[in-house]
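Residue numbers (our numbering): 2 to 230.
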């Protein structure tokens with residue numbers, strides 16, 4: 002991975018969140034179970050984010066400054082969003098079951114090295130985090146395949162029909178440089194540590210990091226688990 006990723010944009014898609022897939026992008030992605038957060042909570046967070054964005058755009062900043070500030074707001078929004086996922090006792094927690102978690106992992110790694118490369122990943126009870134790069138298909142197509150297969154197989158296990166398994170949206174952010182990559186890898190691997198499931202990232206059976214990227218993993222004393230960025 003180069004020290005600075007070039008945003009040569011080749012793909013864009015959107016539902017409620019904007020999604021950019023620049024050429025040769027490295028992407029950090031979070032996707033959650035359908036119903037894992039109450040709609041009222043999500044709506045409140047979105048409204049707060051929109052208010053902050055409107056305030057920002059009225060400050061007369063340069064285009065570059067606006068882009069950086071919008072990125073900060075989006076990251077803060079995600080941090081609150083992810084903390085809610087970690088702390089919720091309501092909604093489905095299907096991925097807490099080892100069989101279901103492994104179905105997702107199989108889905109993630111099925112095309113690893115062919116359609117994309119997985120840098121690291123973790124599985125929590127109601128959401129997953131992972132980083133991929135060297136994508137040769139659109140992120141939309143990749144996510145559709147991953148989520149579609151895992152949803153069908155897990156629904157067979159838990160005996161569900163006619164219900165959405167994954168929330169339709171995923172949260173993705175482009176990683177711009179090596180420092181940010183290190184931060185995101187450590188954030189992901191330490192998610193189970195942060196909420197007290199294990200004492201060290203290596204103890205979590207659903208953690209993975211590609212050996213070539215172990216150099217980015219910080220020691221326990223220096224690892225930050227406070228949030229993304």
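All residues carry an ideal CB built from backbone N, CA and C; glycine is no exception.
Since the structure is predicted, the reported quantities are computational estimates derived from the model, not experimental observations.
Coarse secondary structure for residue i, derived from DSSP in three states
i           : result
residue 119 : strand
residue 199 : coil
residue 146 : helix
residue 110 : helix
residue 91  : coil
residue 215 : helix
residue 28  : strand
residue 86  : helix
residue 136 : coil
residue 38  : coil
CA-to-CA distance, residue j to residue i, given in whole angstroms
i           : j           : result
residue 59  : residue 129 : 36 angstroms
residue 20  : residue 174 : Only weak support is given to the placement of residue 20: the predicted model assigns it a pLDDT of 46, under 50, and the value that follows is read from those uncertain coordinates. Rounded to the nearest angstrom, the two C-alpha atoms are 8 angstroms apart.
residue 189 : residue 121 : 8 angstroms
residue 126 : residue 91  : 11 angstroms
residue 159 : residue 34  : 14 angstroms
residue 104 : residue 54  : 38 angstroms
residue 131 : residue 218 : 15 angstroms
residue 171 : residue 30  : 7 angstroms
residue 215 : residue 198 : 22 angstroms
residue 96  : residue 108 : 13 angstroms
residue 124 : residue 191 : 11 angstroms
residue 37  : residue 61  : 38 angstroms
residue 73  : residue 40  : 24 angstroms
residue 93  : residue 25  : 35 angstroms
residue 75  : residue 106 : 27 angstroms
residue 99  : residue 48  : 36 angstroms
Exposure of residue i, with buried meaning 16 or more beta-carbon neighbours within 10 Å
i           : result
residue 220 : exposed
residue 169 : exposed
residue 193 : buried
residue 83  : buried
residue 32  : buried
residue 11  : Confidence is the limiting factor: at residue 11 the pLDDT is only 42, short of 50, which leaves the residue's position unreliable, though a coordinate-based value still follows. With fewer than 16 other Cβ atoms within 10 Å, it is exposed.
residue 212 : exposed
residue 185 : buried
residue 165 : exposed
residue 162 : exposed
residue 119 : buried
residue 208 : buried
residue 52  : exposed
Distance cut-off 7 angstroms: residue i Cβ against heavy atoms of the ligand MN
i           : result
residue 122 : The ligand MN is absent from the structure shown, which contains no ligand whatsoever.
Checklist entry - Mind pulling the alpha helix (DSSP H) runs of 4 or more residues that sit fully within the region 138–190? => result 140–159, 179–190
Checklist entry - Is the number of C-beta pairs between the region 194–206 and the region 137–157 that are closer than 8 angstroms three or more? => result no
Checklist entry - Do three or more CB pairs link the region 144–153 to the region 178–188 at distances below 8 angstroms? => result no
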